[in-house]
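Visitor: The sequence shown begins at 1 in UniProt numbering and counts up by one. Below you'll find the structure I mean.
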Amino acid sequence: MRPLPLRRRALLRAAAFGVAFTVPVAVLAYLVRAEVDDVLRLDQQAILAVTDFTRAHPALQQALIVWQQAFQARWLNLAATLVCVWVWRRHGLTTRALWAFLTVMAAWALQLGAKGLVQRARPVVEDALEHAPGSSFPSGHATNTAAVALALTLLVWPLLGRRGRVVVPALAATVTLLTGLDRVMLGVHYPSDVVAGFALGTALAGASYLGYSGWSATAPDQET
1 MRPLPLRRRA LLRAAAFGVA FTVPVAVLAY LVRAEVDDVL RLDQQAILAV
51 TDFTRAHPAL QQALIVWQQA FQARWLNLAA TLVCVWVWRR HGLTTRALWA
101 FLTVMAAWAL QLGAKGLVQR ARPVVEDALE HAPGSSFPSG HATNTAAVAL
151 ALTLLVWPLL GRRGRVVVPA LAATVTLLTG LDRVMLGVHY PSDVVAGFAL
201 GTALAGASYL GYSGWSATAP DQET
């Protein structure tokens with residue numbers, strides 16, 4: 001077991017990381033709930049501009065719909081679970097795989113809770129490109145994808161070579177950004193919903209990893 005002062009420092013780092021990302025989300029949520037004119041105007045201008053572009057390119061619209069379906073929470077979480085099982089069974093990184101799995105499930109629950117608190121209506125777009133149920137803030141796709149991308153990157157990090165440690169983070173970041181762009185271009189989320197989702201997912205995955213890595217009896221990169 002690690003010395004208590006080291007574990008305390010790890011938990012403090014985890015808390016600081018989480019606060020650094022969640023405070024902006026809380027501020028943005030307040031501005032959205034308070035219907036601050038500047039925020040609403042910027043969001044509406046952006047959503048109208050990008051949906052007009054999407055509507056003018058039918059092939060792009062179809063590609064965005066396919067991407068939306070592929071990165072729904074149920075498929076994303078299933079894929080993440082399979083990776084966790086593979087890391088556990090093939091490489092014996094039991095606690096690391098369990099951490100990643102719990103983080104992914106927590107992200108799914110967190111975004112549902114946040115949606116229930118803010119209860120922002122979905123964007124209203126004339127001749128809507130796509131329809132989505134539930135609250136708009138934060139974007140569930142953005143939250144889940146950011147959390148899964150970061151959690152899986154950290155999960156497999158000890159297994160990667162030099163090239164993998166460049167390719168995997170780049171791929172994770174690209175998938176996350178494209179998912180956020182997809183939500184706005186289909187007109188089902190405002191840009192602020194997506195930004196909040198990115199921050200929330202990153203906060204959860206990053207803070208939980210810092211806490212886990214400091215609390216674990218075995219250093220995460222040395223677990224066998």
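C-beta: ideal position from N, C-alpha, C; glycine also.
Which of the three DSSP states, helix, strand or coil, is assigned to Ala97?
Guide: Of the three classes helix, strand and coil, the one that applies to Ala97 here is helix, per DSSP.
Visitor: Count the other CB atoms within 10 Å of the CB of Gly140; is the residue buried (16 or more) or exposed (fewer)?
Guide: The residue is buried, with at least 16 neighbouring Cβ atoms inside 10 Å.
Visitor: Smallest Cα separation from Ala73: which of Gly211, Gly201, Tyr212, Ser213?
Guide: Minimum Cα distance to Ala73 is reached at Gly201.
Visitor: Rounded to whole angstroms, what's the CA-CA distance from Val87 to Leu152? Just pull it up for me.
Guide: Each residue's Cα considered, the two are about 10 Å apart.
Visitor: Which of the three DSSP states, helix, strand or coil, is assigned to Ser213?
Guide: In the structure shown, Ser213 sits in a helix (DSSP, three-state: H, G or I).
Visitor: Residue ranges of each alpha helix (DSSP H) run of no fewer than 4 residues wholly in the stretch 28 to 116, ordered along the chain?
Guide: Counting whole runs of 4 or more residues, the stretch 28 to 116 contains the alpha helix (DSSP H) stretches 37 to 55, 58 to 70, 73 to 91.
Visitor: Between Pro123 and Arg41, what straight-line distance do the alpha-carbon atoms span, to the nearest angstrom?
Guide: Pro123 and Arg41: Cα-Cα distance of roughly 12 Å.
Visitor: Rounding to the nearest angstrom, what Cα-Cα distance links Arg162 and Phe137 in this structure?
Guide: Cα to Cα, Arg162 sits roughly 38 Å from Phe137.
Visitor: Run through the stretch 121 to 190 for me and flag every whole alpha helix (DSSP H) of 4 or more residues, listed as ranges in chain order.
Guide: Runs found: 140 to 156, 164 to 185.
Visitor: Considering only residues of the same chain and omitting the five flanking positions on each side of Ala142, which have a CB-CB separation below 6 Å?
Guide: Gly180, Val194, Gly197, Phe198.
Visitor: Where does Val25 fall in DSSP's three states?
Guide: Helix.
Visitor: Are there 16 or more other CB atoms within 10 angstroms of the CB of Gln69, so buried, or fewer, so exposed?
Guide: The residue is exposed, with fewer than 16 neighbouring Cβ atoms inside 10 Å.
Visitor: Is it right to say Tyr30 is buried, meaning 16 or more other beta carbons lie within 10 angstroms of its own, or is it exposed?
Guide: So Tyr30 counts as exposed.
Visitor: Report the rounded CA-to-CA distance for Ala14 versus Gly206, giving the unit in angstroms.
Guide: Whole-angstrom Cα-Cα distance: 7 Å.
Visitor: When the distance is taken between beta carbons, is Ala121 closer than 7 Å to Val188?
Guide: No.
Visitor: Would you report the Cα separation of Gln44 and Asp37, rounded to the nearest angstrom?
Guide: Taking the straight line joining both Cα atoms gives about 10 Å.
Visitor: Is the beta carbon of Asn144 less than 7 Å from the beta carbon of Leu76?
Guide: Yes. Within cutoff.
Visitor: Taking His91 as the reference, give the member of Ala26, Phe21, Val50, Trp157 with the closest Cα.
Guide: The shortest Cα separation from His91 among Ala26, Phe21, Val50, Trp157 belongs to Trp157.
Visitor: Quick check on the burial criterion: 16 or more other C-beta atoms within 10 angstroms. Buried or exposed for Val125?
Guide: Looking at its Cβ environment, which holds 16 or more other Cβ atoms inside 10 Å, Val125 is buried.
Visitor: Please list, in chain order, all residues of the same chain as Leu160 whose beta carbon is under 7 Å from its beta carbon, the five residues on each side excluded.
Guide: Counting only Cβ-Cβ distances below 7 Å, and skipping sequence neighbours, we find Val168.
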